[in-house]
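Just below is one structure, and these are the notes that go with it.
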């Protein structure tokens, strides 16, 4: 069986990269932090996964697929009983798009961030490291968050990112946490079309009323209604139920909420209008009974998205940024109100930024647009777009604060800014979220005070990946984070080319030779591992053409001859000399559609090539000659009955090149036709989608060394994760152990020299799944004695077995905690028996599992079947404290057979009460009371426990 590694998609960065290019090369491509066109990226992704069939709602289809998976699909069970476990390998130092930040008001080192495709992440040490808090949930698209001003631990997270005209990162409701982000639950009444994209939320601190502005209209598919879906919703019962505001004096902008500000209790400002749609700022002073549009001092036409904020030092001082509408989307103006939004006056507009000569919003005011006021100094105002601008005098004058490229100035901070949050306790300290993750400034943004806080934040959005023949060299192309390289060191990746990174390929004889695409088939090549680059588009006349190429156009390498590459625009292109020159291999294949997938195989002339298009067609050429200028012969071999969506991958079985597979994107209106197989290179096709969910399939690889039926074991990467079949599609199973269960997977690659599987995914970084560990389990059982659980397991054989970490969780809660470690036998060819007793377990239902670990750090999970149930004790009892004598701590166990008041008190030898250790109501169960004797003198003491009619006294000794 092969080994596995997986990648995911979303990031940017900010260090300079050296290039060998012509002097007029676009400078923005030369660094990690760029300002590329996010609308083009959103459009590409949307059109890739959308259906070509009318009336298909992507959000509903994805949710239906997730429901189907939960109800009907199981995890893979190979014949040897052992499975792969995925482990994250990063990028752990390069962030992704962050649109929301919540800082705990009492413990400000505890921070939550919302990733647009990786869920909520949390730090408890001010951003030194992060942990994911939504790995088992769907959706993972967090667009906004708000903290309850009356309960510091209650946070609401709105899903969906509806700012782009064709934004594909959809959500589906509002999550709620009551433990500051540790656990989340989707509010059931928001799991509907109206909450597809929750744009902004706010909470009235006096009444607790929650406001949520949502956008539900699906522009591309024409699904939904401006007046019946989306709008301004409110909840007065902590999110249990929601009511849509029906008295707003407009209908055409219900689906375009932009911002919400609570001026004071009952007085709210609601801004609408994005992407050039008309709207404005509406105000209520009576809890929403009536609304009035505020017009005094504000633009009347020509504007789009509006961002607002309130001065933390003066509730009546409100600021608003108006972006222009179509076609410019730049800055319209910045406005200030001193009477709670009733009248406004224009502030001085910031000057142009160094990189573009336009305003700080450039042409992206619809995409990145915020304004923030320093919580400790109201004179400090910040506005964010492509860059950040700052005023130190209340908006009278502005200066550029950040630069996405060191060529233009410093400090260098990733571009495309979305949110800023101020530390509640420390002046001049703030956190800032952008397309490159999360950053911190300790001196109000001054040069030298910025630092990236992306350590362990695995939320990169990856389009494509390539792997060296052996070793640990991996290249990925990322949305808005360029080309990244991994060399096998922890979670650390390096940016080797900036801008958007598209498809990528690595020479199978020299891992320093790498090809990467910027956008629109703009292919570059490095021969020194990414230190220098050169253009390699000679003869490739479609390169750089947005008319003839997809935003991310496909190209791939012949793994049998790394000098041979194939690329697609509206035509097919090939090279046989390492991309020094290209020739046009085909005419336009399917007017007016694009080539969306290409594959080439064989080691000599007359290469075998395949191409798929965005209208679902598949083409084949059997006589590709890279050295002859004339075009090659291509013919249509399209499967009959395909769904008409993009062809995402065409895979050829290495051992038998007659066997080919075609993968289709798009959601079907009904049925499933995403994976097709041909045993004769496309003469006949069979739909092998079987029991798969109805989701886009992005990639397919054939396992050449599978234990279970070689050549018939296939892995696919889909919009809801990885699936496996060991019988060529008759049955499919989930294959995602150790990774978020519904993570979109863009691509799978098998390392040619080791058969290790790499999977590149969209929003959660990179994962690897190592070979199954050579420990075979014969049995794993449990028995219960009162409140003790004895676990027993037997292995048939062991190789390199370090031991077993024993983990436990409450049944129904995925919160596993290690409770013990049992050493393994290392190597053994005969059965080995193990046991462990878990003492003093509280009443309830539990699950147990073994984490078997080898000496190389690889591990697998072995789960105990069923729940272990600890019931209430039959009678009251209290233990002798342990240890005894003690210094300074000890514990007392007691069993409570019924609910009731329990008191445990400490007395000295004179009978004087010294301390109450416990005095509260308890439910029936098993309990432990801890006592710290620090400050107490050595001697003999007594503890007295009483509950109902039961009473007992025991002696303890403090010995110092």
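In this note's numbering, the protein residues as written are 4 to 963.
Ideal placement from N, C-alpha and C gives every residue a C-beta, glycine not left out.
Following the continuous beta strand (DSSP E) through residue 345, name the residue where it begins and the one where it ends.
Neither: residue 345 is in no beta strand (DSSP E) and is coded neither H nor E.
* **Cβ-based burial, residue 696 [other Cβ within 10 Å; buried from 16]** => buried
Rounded to the nearest angstrom, what separates residue 891 and residue 961 at their Cα positions? 7 angstroms
Beta strand (DSSP E) runs contained entirely in the stretch 827-858, provided each spans 3 or more residues:
DSSP runs (the beta strand (DSSP E)) wholly in the stretch 827-858: 835-841, 847-857.
Subject >> Strand pairing of residue 296, partner residues [DSSP] >> reply: According to DSSP, residue 296 bridges with 285.
Roughly how many angstroms separate the alpha carbons of residue 251 and residue 350, rounded to a whole number? 28 angstroms
Next item on the list: Compare the Cα-Cα distances from residue 537 to each of 544, 521, 545, 551 and report the closest residue.
Entry: 521
Comparing C-alpha positions only, which one of 302, 318, 316 sits nearest to residue 334?
It is 302.
Could you compute how far the alpha carbon of residue 427 sits from the alpha carbon of residue 941? 45 angstroms
Out of 951, 963, 944, state which residue places its alpha-carbon closest to the alpha-carbon of residue 957. Among 951, 963, 944, the Cα nearest to that of residue 957 belongs to 944.
Review point. How would you call residue 203, buried or exposed, if buried means at least 16 neighbouring beta carbons within 10 angstroms?
Key: buried
Give the DSSP-derived three-state secondary structure of residue 46 in the structure shown. Residue 46 falls in the helix class under three-state DSSP.
*Spell out a yes or no on whether the stretch 153-164 and the stretch 760-774 are touching, meaning 3 or more CB-CB pairs, one atom from each, closer than 8 angstroms.*
no
Going by DSSP in three states, residue 411 sits in which element: helix, strand or coil? coil
Q) Grouping DSSP H, G and I as helix and E and B as strand, with all else coil, what is residue 912? A) coil
Original post:
By how many angstroms is the C-alpha of residue 366 removed from the C-alpha of residue 331?
Top reply: Between residue 331 and residue 366, the C-alpha separation is close to 6 angstroms.
Of all the options 812, 112, 197, which has the alpha carbon lying nearest to the alpha carbon of residue 183? Residue 183 has its Cα closest to that of 112, out of 812, 112, 197.
For residue 268, is the classification buried or exposed, using 16 other Cβ atoms within 10 angstroms of its Cβ as the cut-off for buried? Looking at its Cβ environment, which holds fewer than 16 other Cβ atoms inside 10 Å, residue 268 is exposed.
message = Taking the straight line between their C-alpha atoms, what separation do you get for residue 141 and residue 749?
response = 18 angstroms
*Go ahead and pull the three-state DSSP assignment for residue 810.*
strand
request  = Starting from the Cα of residue 509, find the closest Cα among 562, 348, 423, 148 and give me that residue.
outcome  = 562
Would you identify the three-state DSSP class for residue 901, choosing helix, strand or coil? coil
- Based on Cα-Cα distance, which residue from 740, 396, 65 lies nearest to residue 866? 740
Residue 692 versus 704, 672, 686, 666, residue with shortest Cα-Cα distance
666
Exercise. Between residue 507 and residue 518, which are expected to be in contact by the criterion C-beta below 8 angstroms, what is the C-beta distance as a whole number of angstroms?
Worked result: 6 angstroms
Requested in this report: Have a look at residue 841 and residue 954 and give me their C-alpha separation to the nearest angstrom.
Outcome: 28 angstroms
Residue 26 in three-state terms, based on DSSP: The pLDDT assigned to residue 26 is 21, lower than 50, so where the model puts this residue is not dependable; a value taken from the coordinates is nonetheless given after this. Looking at residue 26 - three-state DSSP - the assignment turns out to be coil, as it is neither helix nor strand.
### Message
Need the endpoints of the beta strand (DSSP E) that residue 779 sits in, please.
### Response
778-788 is the span of the beta strand (DSSP E), which, as asked, contains residue 779.
Give a yes or no on contact between the stretch 542-549 and the stretch 527-534, applying the rule of three or more CB pairs nearer than 8 angstroms. The count of Cβ pairs closer than 8 angstroms, one atom from the stretch 542-549 and one from the stretch 527-534, stays below three, leaving the stretches out of contact.
Exercise for review: Select from 592, 566, 375, 557 the residue whose C-alpha is nearest the C-alpha of residue 573.
Suggested key: 592
Self-check item: Simplified DSSP state of residue 225, which is helix, strand or coil
Solution: With a pLDDT of 44 at residue 225, under the threshold of 50, the modelled position of this residue cannot be trusted; read the value that follows with caution. Residue 225 falls in the coil class under three-state DSSP.
Which one or two residues does DSSP pair with residue 64 in a beta bridge? According to DSSP, which records beta bridges pairwise, residue 64 is partnered with nothing at all.
What do you get for residue 25, buried or exposed, if any count of 16 or more other CB atoms within 10 angstroms of its CB means buried?
Because residue 25 carries a pLDDT of 24, less than 50, the predicted location of this residue cannot be relied on, and the following value inherits that uncertainty. It is exposed - the Cβ of residue 25 has fewer than 16 other Cβ atoms within 10 Å.
Taking the C-alpha atoms as reference points, what is the distance between residue 568 and residue 655?
-> 15 angstroms
Q) Are the Cβ atoms of residue 300 and residue 346 separated by less than 7 angstroms? A) Their beta carbons are under 7 angstroms apart, which means residue 300 touches residue 346 by this criterion.
For residue 680, the residue or residues it bridges with in DSSP
664, 689
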